[in-house]
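Novice: This structure is in structure tokens; I'll ask about it shortly.
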Amino acid sequence: MIKNISNLGDAAIYCDFGSDVNEVINSNVTDYFNHITDLVKQEKILGITNLTPSYNKLIISFDLSVIDFLKLKKIIENLDIKKHIKKNNQKIKIPVCCDDEYGLDFERLSNKFNLSKDEILDFFFDKEYFCYMTGFIAGMPFLGDLDKKIRINRLDTPRVKVPEGSVGITEQFANIYTFESPGGWNIIGNTPKKVFHKLNLLDPALIKPGDKVIFYQISKEEYLEFND
Numbered sequence: 019m020i021k022n023i024s025n026l027g028d029a030a031i032y033c034d035f036g037s038d039v040n041e042v043i044n045s046n047v048t049d050y051f052n053h054i055t056d057l058v059k060q061e062k063i064l065g066i067t068n069l070t071p072s073y074n075k076l077i078i079s080f081d082l083s084v085i086d087f088l089k090l091k092k093i094i095e096n097l098d099i100k101k102h103i104k105k106n107n108q109k110i111k112i113p114v115c116c117d118d119e120y121g122l123d124f125e126r127l128s129n130k131f132n133l134s135k136d137e138i139l140d141f142f143f144d145k146e147y148f149c150y151m152t153g154f155i156a157g158m159p160f161l162g163d164l165d166k167k168i169r170i171n172r173l174d175t176p177r178v179k180v181p182e183g184s185v186g187i188t189e190q191f192a193n194i195y196t197f198e199s200p201g202g203w204n205i206i207g208n209t210p211k212k213v214f215h216k217l218n219l220l221d222p223a224l225i226k227p228g229d230k231v232i233f234y235q236i237s238k239e240e241y242l243e244f245n246d
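Converting from the sequence shown to the working numbering requires adding 18 to each position, the first position being numbered 1.
Encoded structure:
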């Protein structure tokens with residue numbers, strides 16, 4: 019659970035769940051985030067203006083004219099999360115085309131890992147991924163945990179444009195670019211599935227923290243014919 023609660027500036031609380039990045043710690047972050055969000059919506063906690071979860075931290079911003087640090091800290095410390103946890107997590111299947119047109123970094127990755135393209139893909143697809151958080155660009159999921167045999171740092175020089183739908187890997191994570199964007203992840207394919215629907219204001223993100231993702235490979239023909 020929470021290891022430490024401290025001030026972050028004048029009007030925010032920093033909840034530290036530990037230094038590790040793993041599913042158990044991140045699930046604790048998500049449980050607190052969901053429960054506090056529900057309490058704010060029900061107006062059972064007043065003064066919270068924003069909640070920002072990450073892999074192992076939760077930042078809670080508040081309005082000093084409504085509540086102060088000590089009062090909010092006490093509320094958080096007294097929450098009974100176990101009674102209120104809601105497990106509505108999804109398991110989502112994402113198709114990926116790894117044709118050379120979409121897998122922009124296979125030549126470099128093969129040289130780096132001393133693996134063939136097929137071997138890299140075997141390691142990538144033989145996993146069920148956990149969504150730790152979304153961010154950087156709207157709805158972009160950070161999905162762990164990559165097989166250790168295909169973990170790699172970001173590009174030394176980020177691309178100016180990464181195509182929408184690109185599937186990338188970096189360190190222990192995989193991700194999906196929800197919009198065309200600059201980026202430094204290593205691109206191994208592209209999905210035709212829409213992961214962020216900006217016109218759906220109530221529920222725009224397909225993948226949310228706590229969800230599980232299974233990637234499966236499709237051909238270029240299936241990619242072009244895909245109807246989401």
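Every residue gets a Cβ at the ideal spot worked out from N, C-alpha and C, and that includes glycine. Keep in mind the model is a prediction, meaning the values are calculated, not measured.
Taking buried to mean at least 16 other C-beta atoms within 10 Å of its own C-beta, is Asn-208 buried or exposed?
Specialist: As a working note, residue 208 is residue 190 in the sequence shown. That one is buried.
Novice: Tell me which residues share the same chain as Gly-228 and place their Cβ nearer than 7 Å to its Cβ, disregarding the 5 neighbours each side in the sequence.
Specialist: Here residue 228 refers to the residue found at position 210 of the sequence shown. Closer than 7 Å at the Cβ level, and outside the excluded window around Gly-228, lie Ser-45, Thr-48, Asn-107, Cys-149.
Novice: Using DSSP's beta-bridge definition, name the partner residues of Val-213.
Specialist: Position 195 of the sequence shown, counting from 1, holds the residue named residue 213. BP columns for Val-213 are empty, so no partner.
Novice: Would the segment 218-232 count as touching the segment 140-148 if we require 3 or more Cβ pairs under 8 Å?
Specialist: yes
Novice: Please go through the same chain and pick out, in chain order, the residues whose beta-carbon is closer than 7 Å to the beta-carbon of Tyr-73, but skip the five residues on each side of it.
Specialist: Within the sequence shown, residue 73 is the residue found at index 55, counting from 1. Contacts found: Val-39, Asn-44, Tyr-150, Met-151.
Novice: Tell me whether the segment 157-169 and the segment 84-103 touch, counting them as touching only if at least three CB pairs, one residue from each stretch, are closer than 8 Å.
Specialist: no
Novice: CB-CB under 8 Å to Glu-198, same chain, minus the five flanking residues each way: which ones, in chain order?
Specialist: Here residue 198 refers to the residue found at position 180 when the sequence shown is read from its first residue. Around Glu-198: Lys-179, Val-180, Pro-181, Glu-182.
Novice: Could you pull out every unbroken beta strand (DSSP E) segment of at least 3 residues lying fully inside the segment 109-173, listed in chain order?
Specialist: 109-115, 147-152, 159-162
Novice: Would you tell me roughly how many angstroms separate the C-alpha atoms of Ile-63 and Asp-221, rounded to the nearest one?
Specialist: The count along the sequence shown starts at 1 and reaches residue 63 at position 45. The count along the sequence shown starts at 1 and reaches residue 221 at position 203. Computed Cα separation, rounded: 23 Å.
Novice: Could you check which residue in Ile-236, Met-19, Pro-210 has the C-alpha nearest to that of Lys-75?
Specialist: Taking the first residue of the sequence shown as position 1, residue 75 is located at position 57. Shortest Cα-Cα distance from Lys-75 to any of Ile-236, Met-19, Pro-210 involves Met-19.
Novice: Tell me Asn-40's beta-bridge partners as DSSP assigns them.
Specialist: As a working note, residue 40 is residue 22 in the sequence shown. Per DSSP, none; premise fails for Asn-40.
Novice: From which residue to which residue does the beta strand (DSSP E) around Phe-233 run?
Specialist: On the sequence shown, residue 233 is found 215 positions in, with the first residue counted as 1. Note, Phe-233: beta strand (DSSP E), 230-236.
Novice: Following the continuous beta strand (DSSP E) through Lys-179, name the residue where it begins and the one where it ends.
Specialist: Within the sequence shown, the letter at position 161 stands for residue 179. Note, Lys-179: beta strand (DSSP E), 177-180.
Novice: Can you name, in chain order, every residue of its own chain whose Cβ lies under 7 Å from the Cβ of Tyr-241, other than the five neighbours on each side?
Specialist: Counted from its first residue, the sequence shown places residue 241 at position 223. A distance below 7 Å between beta-carbons, with the five flanking residues on each side excluded, links Tyr-241 to the following residues of its chain, in chain order: Cys-115, Pro-210.
Novice: Give me the Cα-Cα distance between Lys-91 and Ile-31, rounded to the nearest whole angstrom.
Specialist: As a position in the sequence shown, residue 91 is number 73, starting the count at 1. As a position in the sequence shown, residue 31 is number 13, starting the count at 1. In a straight line, the C-alpha of Lys-91 is about 8 Å away from that of Ile-31.
Novice: In this structure, does DSSP put Ile-82 in helix, strand or coil?
Specialist: As a working note, residue 82 is residue 64 in the sequence shown. Correcting the residue identity first, residue 82 is Leu in this sequence and not Ile. Leu-82 falls in the coil class under three-state DSSP.
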